[in-house]
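Protein chains in written order, with this note's numbering: chain A, 34 to 342; chain B, 34 to 342; chain C, 34 to 342; chain D, 34 to 342. We treat Cβ as the ideally placed atom computed from N, Cα and C, and that holds for glycine. None of the values given here were measured: they were computed from a predicted structure.
Number of protein chains: 4
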Amino acid sequence: MSLSQQTLSEIVGTLFTEYSRKRGRGKVADYIPALGKVDPQRFGVAVQTLSAQKLSFGDAEEPFSIQSISKLFAFTMAFAERGEKVWERLGKEPSGTSFNSLFQLEAENGIPRNPFINAGAMVITDMLIDDFDDPMFELLSFLHNLTGCNTIDYDEEVYRSELAYGSRNAALCYLMKSFGNIHHSVRKVLDLYFMQCSIRMTCTELAQAVQFLACSGINPLTRTQLLTASQTKRTNALMLTTGLYNEAGDFAFRVGIPAKSGVGGGIVGLIPSELTVATWSPGLNALGNSQLGIDFLEEFTTRTGLSIF
Amino acid sequence: MSLSQQTLSEIVGTLFTEYSRKRGRGKVADYIPALGKVDPQRFGVAVQTLSAQKLSFGDAEEPFSIQSISKLFAFTMAFAERGEKVWERLGKEPSGTSFNSLFQLEAENGIPRNPFINAGAMVITDMLIDDFDDPMFELLSFLHNLTGCNTIDYDEEVYRSELAYGSRNAALCYLMKSFGNIHHSVRKVLDLYFMQCSIRMTCTELAQAVQFLACSGINPLTRTQLLTASQTKRTNALMLTTGLYNEAGDFAFRVGIPAKSGVGGGIVGLIPSELTVATWSPGLNALGNSQLGIDFLEEFTTRTGLSIF
Amino acid sequence: MSLSQQTLSEIVGTLFTEYSRKRGRGKVADYIPALGKVDPQRFGVAVQTLSAQKLSFGDAEEPFSIQSISKLFAFTMAFAERGEKVWERLGKEPSGTSFNSLFQLEAENGIPRNPFINAGAMVITDMLIDDFDDPMFELLSFLHNLTGCNTIDYDEEVYRSELAYGSRNAALCYLMKSFGNIHHSVRKVLDLYFMQCSIRMTCTELAQAVQFLACSGINPLTRTQLLTASQTKRTNALMLTTGLYNEAGDFAFRVGIPAKSGVGGGIVGLIPSELTVATWSPGLNALGNSQLGIDFLEEFTTRTGLSIF
Amino acid sequence: MSLSQQTLSEIVGTLFTEYSRKRGRGKVADYIPALGKVDPQRFGVAVQTLSAQKLSFGDAEEPFSIQSISKLFAFTMAFAERGEKVWERLGKEPSGTSFNSLFQLEAENGIPRNPFINAGAMVITDMLIDDFDDPMFELLSFLHNLTGCNTIDYDEEVYRSELAYGSRNAALCYLMKSFGNIHHSVRKVLDLYFMQCSIRMTCTELAQAVQFLACSGINPLTRTQLLTASQTKRTNALMLTTGLYNEAGDFAFRVGIPAKSGVGGGIVGLIPSELTVATWSPGLNALGNSQLGIDFLEEFTTRTGLSIF
């Protein structure tokens, strides 16, 4: 685990060139029109080491819809605020079924399996409404502090589009409410939930934003402790077992790092005490994760020899 | 990650004393008489570093029924023999449902979720029958080579008892056969499967046996490469996401190391490039894992600061 | 099947007296406050033969919340309007799971099993919104024509209460919308659905209202053909196999007549070419059907010897 | 309900001619070789009135594998022997899922939904082993008495074939055994179960054999009461709600009579106090029922106007 900066840069550069040729793999999410019109040829990669080396390739500076990656930041805020009490209303286990399935939620009395599936993220959203006067403002401020970039915002068009096509998420939320696990109105929860999903960030910003997870919970930009060292390790473990929906096991097997994906085509991951990495390629595989992103990250950990295992 | 041997010994010793007072937690597996009569007060811990320091406490030298821990060794043999081809007949994902559930297996056409649930281990067993003339002899030889201990064997009484009470496992196996995913007779597969489950080993032997998983696939006793470095990392990732049945996520969250458990009350785990650890306490929690073992391991990683995250 | 009017009157009278002593069985539905305050001692029975003999006992003239019995009338309107085309969007099979379960609906792509479970009734409601300018007005008019009683209306308090506590039904409706099987807004569908459920009728009115199902589809009051003879037989068959939620098989076995129940404690049934019968007792069994009602009806068919089998 | 014998004969004759042209519909069951080789062009119909008129057409005298129709006779024997106690180990509800599904059986603790799905029939078989010294001999004797035909027997080749390909049924049986709902060895139960399924009968024999169900439980050949009048009604109700697997609702809707089908292509049904009918056409629809048989029976009840509704 002691790659020189030079070597890392060479490896990632070579890899990026190789995988650029494979752009266009997978299928762009089109469940809402606003996402469907993204160019499938986009491809960006950003790597940031703890020694502050920053590498970026292709469309790494292009903002895209982070979608479910927002679940990681919302969870961090709730975990920091409530500690172990967050687990009173959700679990820490892989879901084993499709990421927006109602079956398991019904069988398990409205308690979502983990905070990284849609249902779990809605419970977190419901908590944030309790914990903050203006939770969306707080979430954006949190991202501004993490990245040093104050222009990060959500996309109004995507947000409206999500709301309009959000029947399945509404079903999930109403089901949880029927079990008493949503305290605020479904309308309010969905509103905030879809706003979060519509946040736009670049690969570079994402790689910066998760640095604290590679640094024992400390935001290197502000030197503030966001999560305790123990909470940070636990969050990383949770990402590893549940961060890629129903593909978490396969991703852990092939890539072997804690990561979180979104249907916008982004993936952000990290190797504790080493580096963070973010990729963006909008083409998704059958399980809703960026196909080129996963392939690239597998080869990235293989060639650098960086892994947590 | 640089504990002195002295410190490690002190920490584990102190911890063992503390947790010894909590013996008797949980409920001894009693689905077969031969397991039910084990003394719930038994508690053993063995730790072995890569620098060959060996620590053992309590009943660490007492053989017990390793049960599902055998799935790890059987899988290793099949993975070494067949490489990525093992995945043609099983998955790498957490199961998300009870470890002997038929529901998911039926819904997914007889393809088990992973090699560490019962159904998956039976498919591995079916493969071993193809790959070896006398697979049970080979498995025991493999364990003899891993541990340097030639007396490791299976327990005839437990094996007979498992066979007699094995209706649910027979149901799983016949279901897979109906989908064409078991090639040999159910009788033959169950026979070998239950023999494996009935193997008896000590904590010390288990900690030695998984050293290769902490050493990039090399058996330190014989200097032979059992799995490639890449296969070893992947096996560790698989243990992390699926090694503790339906509690894998919680275990990863709390303990944060690759591990495999058995209903005999054993747990074996490892921190790559650092050490291996095995615990034995027969009292199980509601999810079928050793309760004292999990509690001990959580505190062990907390106090030593050793973790993969 | 040729009981004299005298005998029928004696049998039902004796039976009513006997079963009156057993009032208070079961548990009054309390998922909404407006239903929970009904007196569990209420018990009414009305029988009406095709020769126009009308018998009524106890609280037979007391209006109560017909709840799911409304599904029968709404279905009749849609079936009369659309014929076999109603089956393009729902099935004719027993559900086999709880009456408001999402699991089956999800597994079967948003196509409800039959028109007498909640999800199926919502699809019917969605159809009625297409077919009529003011569907609630039409439904009430339909009931006025069937009964000759123009005061039948819905209960504003129950309707508001259902809306306020309707999270699970909202989940069902949004789930179907996500599959494209609800065409209007969920708000509009739920609004009409809950209004229907809140209709209040008496046992006497119910026994009159289903006379057409015992008369080959002809409303005896107006001599108009509401359903064809074939459609009528089919509706009766559907009631027999699916009219009592998840207890339809047991009810067919014990009672042996087409019937529809509601959580308000009402049951309405019929023997083709013979008679119609309605009972009301608010105490429900574990499956949501009136316990005293079922017990009474079983004995009613036994003693009269009237049965379709 | 008062067709002259002349008219009935004419209607059925005309219908048979019409539907003969449609032979070859559906797909012959081929899960075992012995069934797969049956000629798909075979088509037989037998009708027998309570006034002893017997009509037979086409291949009505040709023996075929009755398969699941045997469940009706086995259930009758157990019901006659044990009365309501049979329900201690199985239900009376439609299954709502595929006829050999394990999911529901697992969720409901090994209690099959009804005696006409495979799992339920195995529980009945397990009961018969308790109740009779030689249950297969008794079952054949029962059929001899019902039909007056002493040559009815099972087909050794089909029986062997079923045993050889019976993995899924073995899974069902072992699952129930794991819940304690099978008392004898799985081998013994499956052996008897498959023997029953392999019985060969003709349409004429089947129409005769179920006469008792149209005659209040009395075997007209021997004047013996096999079931009480009440038990007979209940058995008919059970056939209506569960006799055609997962198609029972649709069959009740379209045809409207109690009936039982088998994958050999046979269907036997009845109209109480009127007549019994049996059809044979080996081509099955997607749900495992004879396609031509269902189509013929729908038109048969439509044209004769005979129906229970």
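DSSP beta-bridge partners of residue i
i: V61 of chain D; result: D:G316
i: F90 of chain B; result: B:V78
i: Y187 of chain D; result: D:I232
i: S323 of chain B; result: B:L317
i: T257 of chain B; result: B:N252
i: A311 of chain D; result: D:A79, D:V301
Continuous beta strand (DSSP E) stretch holding residue i: start and end
i: A292 of chain D; result: 292-294
i: L303 of chain A; result: 299-304
Expected contact under 8 angstroms - CB spacing of residue i and residue j to nearest Å
i: F76 of chain B; j: D92 of chain B; result: 6 angstroms
i: L277 of chain C; j: N318 of chain C; result: About 10 angstroms separates the two Cβ atoms, so there is no contact after all.
i: G289 of chain D; j: I341 of chain D; result: 6 angstroms
i: L161 of chain A; j: F106 of chain A; result: With a Cβ gap of about 11 angstroms, L161 of chain A and F106 of chain A do not count as contacting.
i: A125 of chain A; j: N147 of chain A; result: Note that residue 125 of chain A corresponds to Lys in the displayed sequence, not to Ala. Contact holds; Cβ gap of about 6 angstroms.
i: F245 of chain D; j: L259 of chain D; result: 5 angstroms
i: Y156 of chain A; j: P145 of chain A; result: Reading the sequence as shown, one finds Val at residue 156 of chain A and not Tyr. The Cβ separation is near 6 angstroms, so the contact holds.
i: A311 of chain D; j: A240 of chain D; result: 4 angstroms
i: G153 of chain C; j: P127 of chain D; result: G153 of chain C to P127 of chain D, Cβ: 15 angstroms. No contact.
i: L48 of chain B; j: E332 of chain B; result: 6 angstroms
i: L208 of chain D; j: E139 of chain D; result: 6 angstroms
i: V78 of chain A; j: F90 of chain A; result: 5 angstroms
i: P96 of chain D; j: T235 of chain D; result: 5 angstroms
i: L172 of chain A; j: A203 of chain A; result: So it is not a contact: roughly 21 angstroms between Cβ atoms.
i: I215 of chain B; j: D159 of chain B; result: 5 angstroms
Alpha helix (DSSP H) segment containing residue i, residue limits
i: R220 of chain C; result: 219-230
i: C236 of chain C; result: 236-242
i: A85 of chain A; result: Taken as a continuous stretch (DSSP letters only), A85 of chain A belongs to no alpha helix (DSSP H), as it is neither H nor E.
i: D283 of chain A; result: 281-287
i: C206 of chain D; result: 200-211
i: L41 of chain D; result: 38-53
i: E174 of chain D; result: Note that residue 174 of chain D corresponds to Ser in the displayed sequence, not to Glu. Taken as a continuous stretch (DSSP letters only), the alpha helix (DSSP H) holding S174 of chain D covers 168-180.
i: K150 of chain C; result: Inspection of the sequence shows that residue 150 of chain C is occupied by Ile rather than by Lys. Run containing I150 of chain C: none; DSSP gives neither H nor E here.
i: G69 of chain C; result: 66-69
i: N269 of chain D; result: 262-275
i: L138 of chain B; result: 136-140
Closer than 8 angstroms, Cβ to any Cβ of chain A: which residues of the segment 104-137 of chain C, in chain order?
S134, L135, F136
When Cβ atoms are compared, which residues of the segment 275-305 of chain A fall closer than 8 angstroms to chain B?
T275, N279, E280, A281, G282, D283, A285, F286, R287, G289, P291, P305
Would you list, in chain order, the members of the segment 194-207 of chain C that have their beta-carbon closer than 7 angstroms to a beta-carbon of chain A?
S200, R201, A203, A204, Y207
Which of the residues in the segment 309-342 of chain C, read from start to end, lie with their CB under 8 angstroms from any CB of chain D?
Residues of the segment 309-342 of chain C with a C-beta less than 8 angstroms from any C-beta of chain D: T335, S340, I341, F342, listed in chain order.
Positions along the segment 139-166 of chain D whose CB lies within less than 7 angstroms of some CB in chain B:
E139
Ignoring anything shorter than 4 residues or poking outside the segment 92-130 of chain B, list the alpha helix (DSSP H) runs there in chain order.
103-115
Members of the segment 212-234 of chain A near chain B, C-beta cut-off 8 angstroms:
none
Taking Cβ-Cβ distances below 9 angstroms as the criterion, which residues of the segment 251-271 of chain B are in contact with chain A?
A262, S263, T265, K266, R267, T268, N269, A270, L271
Taking a cut of 8 angstroms between CB atoms, which residues from the segment 60-72 of chain B lie near chain A?
Here the close residues number zero.
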